[in-house]
DNA sequence: AATGAATGAGTATTCATTCAT
DNA sequence: TATGAATGAATACTCATTCAT
């Protein structure tokens, strides 16, 4: 199993750094190899081609992230709490590894359609996680019974993603985690009952 | 003023078609020229370079869209009504011209960081429009007084954008406009007061 | 028609020189372009790819040679005379342009199977020419009636080809044309009646 | 002596199979090693480099073939009979081991000039054998006294080689051995006296 | 003797842009 | 204005060979 050999992770981590620092289109295989401390050809002992590095990168990192969140959420009892945990974890994840954030939020989105579709495949796991929380919230009556699940998920993911992307692109970084609580309140309100204060 | 000459729009419209049909990375200048019915070199009498075509495309189309929305919103009295108008207009705009939707939602996002930043510059006008509605809503007490304006805008834009992107990528197209009302309710709720039904 | 433009022939002639002097595997496109006095990219305005250069080269040169021989043969009345003309012309053709001889006899034979098959397609025209002479010789009773046409053609072509290849590979070049007459006598004898002097 | 160790032949036989089935340019050392059931590095304990495998292959197989023919010829008294034996043996050899025929007739000829010259060195032994028969034929007056020995050898070898190559390339295989007799008659005629039936 | 992971040199092709006409 | 032939920089991937074990 190639994935368990140290050079597999070594190359993926090198790719994250090279892409974050040089941009997607300037991340040549030779640069990644150099950063990883291996020969160009060694890359191809662990990955089929360049695209395979990028997909594997996304799978490893995002997949890992989804697992962590699933674990954290399991400990929470209400959908509202679970949603807070998801928002906090997501923002924390982004703030912790800015190289990775740049790669997933900005650079990897420049890839061609084929690669983006494979990336979307990985993302689906995350979106299903959100769906589960929304559905649970409806069942427990924390959320409106007439809530459109897909729309709610698009609100939750869209809000987080837009916020994170804006933050990653900013030059001056503020504390992203502080946004978790107000963002969570907005999203829960969005899924809740009353419309205005009238 | 080059922008008023017929070939200027001719080339931009050709670019929309070529990018929508071939994808961003297969939209060569020569293809756009052919579609526009001009010689390759002629492109450079109207645009500085390829990037300039794409930015101009976005400016023309998005700028036009913003103007239309501004007009429509002016006729509404409350922030809630204005937000509904914005959501409806946005979804309508996307549903009306699918070529353009593909280009702005999917293809143009594959461009490099530099181009994307310029595109974001154009988008700022739209985001400011949203900000104005949110601020007005707070002032009229339609929205919470402690609402984080930037966060609210990111929710509104993020939700619309994520929804539209998902819709554009789908093979089977449902009626996008039907989502305006429930999406609007979610967003207004998100900006409003009460959290849950407890 | 690209084939009539001067650069088309210019590139083919450059390819002959570069391949003859550097060998098939050291004949990079950039070298051919430099020899032709054009930019690398210009090659691709006239040829689909590198293989297309080589096929076109063979078609142009060999096709041209076949036409010339056909013309010369038309003036001869007997199959025996026609065969002499063919042998003489072939040897003359090889001796005249040694660069081309190296390319067709040695270098182009190193190409991959796909290219060789296309080259064989061009060669078929030449082999059919030989067949026609053999058949005519049989009909005029210059040759044996029980002569196997394909075998006779293989003897004629094989003998010429083996002789020419040996000559091209030799460092010291003797007068190739002097071999025409004795080679012709051998071939005519081979197609004729008596076996030995017993 | 490496040549007597079992793995030496094992690797050569593997090379014949791999080249015949994959073609010269797809016959990587690693494939040959796998087919031979040894590690890549082991190849280099028995051969200096890849070229050395191919030369050794040709030497072993062709050398073996020459020895066999020499034995068979020794039992014949006239040059004409010896030539028949040579032609028959050659065609039989090709028809018997089609893998080997593909390798020697088609694939090995794609090698570079340097390797082909070394192969020609091995072939010299066979060509000398032909020369001996021709010279004997002249001395015994079976053949013309003014016969050019080199030319006669080129006819004999060229005819057989061209015939065999054509046969190997054909998809539908006919009985090659049936060509021995008519081919022999043609060649003997070619070396003989009379030109035509006049 | 045997292994096999690691090495790293080498090249065809595309396409945005120019400029002589 | 308009043309379009010509330019030339830039990069992923293969595979023969090595050498530490």
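Protein chains in written order, with this note's numbering: chain G, -11 to 186; chain V, -11 to 186; chain E, -11 to 186; chain P, -11 to 186. Every residue gets a Cβ at the ideal spot worked out from N, C-alpha and C, and that includes glycine.
Item, Value
"Residues, ordered as in the chain, of the region 95 to 107 of chain P that lie near chain E by beta-carbon distance below 8 angstroms", "97, 98, 99, 100, 101, 104 and 105"
"N-terminal and C-terminal residue of the alpha helix (DSSP H) that residue 8 (chain E) is part of", "-6 to 10"
"Option in E:122, E:142 and E:44 with minimal Cα separation from residue 96 (chain E)", "E:44"
"Neighbourhood of residue 180 (chain V) by C-beta distance below 7 angstroms, restricted to the same chain and skipping five residues each side", "131 and 132"
"Selection of the region 158 to 171 of chain G by Cβ proximity to chain V, strictly under 7 angstroms", "167, 170 and 171"
"beta-carbon residue 114 (chain E) near the ligand SAM non-hydrogen atom, thresh 7 angstroms", "Within the structure as shown, the ligand SAM is missing, as the structure has no ligands at all."
"Rounded separation between residue 177 (chain E) and residue 70 (chain P) - CA only", "20 angstroms"
"Chain-ordered chain V contacts of residue 145 (chain G) [CB-CB under 7 angstroms]", "150"
"Coil, strand or helix - residue 162 (chain G) by DSSP", "coil"
"Whole-angstrom distance between residue 13 (chain G) and residue 65 (chain V), CA atom to CA atom", "48 angstroms"
"Under 8 angstroms (Cβ pairs) to chain V, residues found in the region 11 to 26 of chain G", "11, 12 and 13"
"Cutoff 8 angstroms: residue -2 (chain V) Cβ touching any chain G Cβ", "no"
"Distance, residue 48 (chain E) Cα to residue 141 (chain E) Cα", "23 angstroms"
"Contacts that residue 30 (chain V) makes with chain G (C-beta to C-beta distance below 9 angstroms)", "The premise fails here: residue 30 (chain V) is roughly 28 angstroms from chain G at the closest Cβ pair, so nothing lies under 9 angstroms."
"Simplified DSSP assignment, three categories, for residue 63 (chain P)", "coil"
"Terminal residues of the alpha helix (DSSP H) in which residue 147 (chain V) lies", "137 to 157"
"Where residue 232 (chain G) falls: helix, strand or coil (DSSP)", "Residue 232 (chain G) lies beyond the stretch modelled for chain G, which goes from -11 to 186, so this question has no answer here."
"Straight-line gap, residue 149 (chain V) to residue -6 (chain V) (C-alpha atoms, nearest Å)", "32 angstroms"
"Counted within 10 angstroms of its Cβ, other Cβ atoms place residue 105 (chain E) as buried (16 or more) or exposed", "exposed"
"Min CB distance residue 89 (chain G) to chain V below 8 angstroms", "no"
"Given residue 115 (chain E) as reference, the closest of E:30, E:9 and E:144 once Cα atoms are compared", "E:144"
"Residue 50 (chain P) versus residue 111 (chain P) - alpha carbon distance", "8 angstroms"
"Distance between residue 98 (chain E) and residue 129 (chain E) (C-alpha atoms, nearest Å)", "40 angstroms"
"Opening and closing residue of the alpha helix (DSSP H) in which residue 133 (chain E) lies", "It is not in any alpha helix (DSSP H) - residue 133 (chain E) carries neither H nor E in the DSSP assignment."
"Coarse secondary structure for residue 268 (chain V), derived from DSSP in three states", "With chain V covering -11 to 186 only, the question about residue 268 (chain V) has no answer from this structure."
"Three-way DSSP call (helix, strand, coil) for residue 85 (chain P) in this model", "coil"
"Below-8 angstroms beta-carbon distance, residue 109 (chain G) vs any chain V residue", "no"
"Inter-stretch contact (C-beta, 8 angstroms, three-pair minimum) for the region 4 to 18 of chain E and the region -2 to 18 of chain V", "no"
"For residue 99 (chain P), the three-state DSSP class (helix, strand or coil)", "coil"
"Whole-number beta carbon distance between residue 101 (chain V) and residue 94 (chain G), since they are thought to touch under 8 angstroms", "6 angstroms"
"Per-residue DSSP class, three states only, for residue 92 (chain E)", "helix"
"Exposure of residue 162 (chain G), with buried meaning 16 or more beta-carbon neighbours within 10 Å", "exposed"
"Neighbour-count burial assignment, residue 57 (chain G), 16 or more Cβ in a 10 Å radius", "buried"
"Within chain E, partners of residue 142 (chain P) - CB distance below 8 angstroms", "147, 150, 151 and 154"
"Residue burial classification, residue 16 (chain P) (beta-carbon count within 10 angstroms, cutoff 16)", "exposed"
"Partner residues on chain P for residue 50 (chain E), Cβ-Cβ distance less than 8 angstroms", "Neighbours of residue 50 (chain E) on chain P: none; closest Cβ ~17 angstroms, over 8 angstroms."
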